[in-house]
Amino acid sequence: AQKVTQAQTEISVVEKEDVTLDCVYETRDTTYYLFWYKQPPSGELVFLIRRNSFDEQNEISGRYSWNFQKSTSSFNFTITASQVVDSAVYFCALAIKAAGNKLTFGGGTRVLVKP
Amino acid sequence: GAVVSQHPSRVICKSGTSVKIECRSLDFQATTMFWYRQFPKQSLMLMATSNEGSKATYEQGVEKDKFLINHASLTLSTLTVTSAHPEDSSFYICSASRRLAANEQFFGPGTRLTVL
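Chains as they are written, first to last, in this note's numbering: chain A, 59 to 173; chain B, 719 to 834.
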């Protein structure tokens, strides 16, 4: 069975600080996908990134960056120069191709960016 | 593109009544739809997976007779909470995926159900 662990339940930072969210996953399958989603107070999930298990390249998108390391089964997410609008709950998720791509979510990390 | 809508966005009902939530893919054909439940300050938990034209597959611990799922067309899936009780109050979110991009799920905005 697969599992996603987000050890940090809540992080509070001051605006312009960097914040890194940890995500550790467990699976025995070799073909899988990793995701990050943002859930603002409105509740709607906002897709941030999808990464497949064969692509370990790190990615940067604006102030967001992701570090995927299969050796440690981690897929960490960094927000650089945080802004108040980044305040939200962030979920890491795992989908296994052989299991019909059902998403298993981590517990989520609540990020609070103070002005 | 790839927009998923849910209706209603909020619903309040009395205990013992049934509530139907609709999930629609507006601009694509959704071969698979997923239903999730999220309790306050918790993560999303998959309830069931439905493929168009076939019976839904429920996750362990989800009562299929209480949460009726119908996926009658490639653009519509419905979740009916039967004989709702206060403990069913939650945020229900659907997602949909396309045949040629099964690893990508598009999420609806969610439905907040409150059972009095």
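The beta-carbon is built from N, C-alpha and C at its ideal position, and this holds for glycine as well.
Exercise. Assign A:N116 to one of two classes, buried (16 or more other C-beta atoms within 10 Å of its C-beta) or exposed (fewer than that).
Key: For this step, residue 116 of chain A is matched to residue 58 along the first sequence. Label assigned to A:N116: exposed.
Self-check item: Paired residues, beta bridge with A:N125 - DSSP
Solution: For the purposes of this step, residue 125 of chain A is taken as residue 67 along the first sequence, with counting starting at 1. Looking at the DSSP assignment, A:N125 forms a beta bridge with A:N134.
Practice problem: Quick one: list the residues of chain B neighbouring A:E102, beta-carbon separation under 9 Å, in chain order. | Solution: Taking the first residue of the first sequence as 1, we reach residue 102 of chain A at position 44. Near A:E102 (Cβ distances below 9 Å), the residues of chain B are I811, F825, G826, P827 and G828.
Quiz item: Is A:E73 helix, strand or coil by DSSP?
Solution: Start at 1 with the first residue of the first sequence, and residue 73 of chain A comes out as number 15. In the structure shown, A:E73 sits in coil (DSSP, three-state: anything other than H, G, I, E or B).
Self-check item: Cα-Cα separation between B:S795 and B:C741, rounded to whole angstroms
Solution: Against the second sequence, residue 795 of chain B aligns to sequence position 77. Against the second sequence, residue 741 of chain B aligns to sequence position 23. In this structure, the CA atom of B:S795 is about 5 Å from the CA atom of B:C741.
Exercise. State yes or no: is the beta carbon of B:E770 nearer than 8 Å to at least one beta carbon in chain A?
Key: Taking the first residue of the second sequence as position 1, residue 770 of chain B is located at position 52. Output row for B:E770: interface = no.
Quiz item: Beta-carbon of A:R108 versus every beta-carbon of chain B: anything under 8 Å?
Solution: Start at 1 with the first residue of the first sequence, and residue 108 of chain A comes out as number 50. For A:R108, the answer is yes, since a Cβ of chain B falls inside 8 Å of its Cβ.
Quiz item: chain B beta carbons: is any one of them nearer than 8 Å to that of A:G166?
Solution: Position 108 of the first sequence, counted from the first residue, corresponds to residue 166 of chain A. Among the residues facing chain B, A:G166 is included, as its CB has a counterpart in that chain under 8 Å away.
Practice problem: Note down, in chain order, each residue of its chain lying with its Cβ closer than 6 Å to the Cβ of B:K738, except the 5 sequence neighbours on either side. | Solution: Indexing the second sequence from 1 puts residue 738 of chain B at position 20. Around B:K738: T796 and T798.
Exercise. Taking C-beta pairs closer than 7 Å, name the residues in chain A that B:T832 reaches, listed in chain order.
Key: Numbered from its first residue, the second sequence carries residue 832 of chain B at position 114. By Cβ distance, chain A contributes nothing, its closest Cβ being about 14 Å from B:T832, past 7 Å.
Self-check item: First and last residue of the uninterrupted beta strand (DSSP E) at B:T829
Solution: The residue given as residue 829 of chain B occupies position 111 in the second sequence. Looking at the DSSP string, the run of the beta strand (DSSP E) that includes B:T829 is T829 to V833.
Quiz prompt | Residue range of the unbroken beta strand (DSSP E) whose run includes B:T750 | solution = Here the question's residue 750 of chain B lines up with position 32 in the second sequence. B:T750 -> beta strand (DSSP E) spans T750 to Q756.
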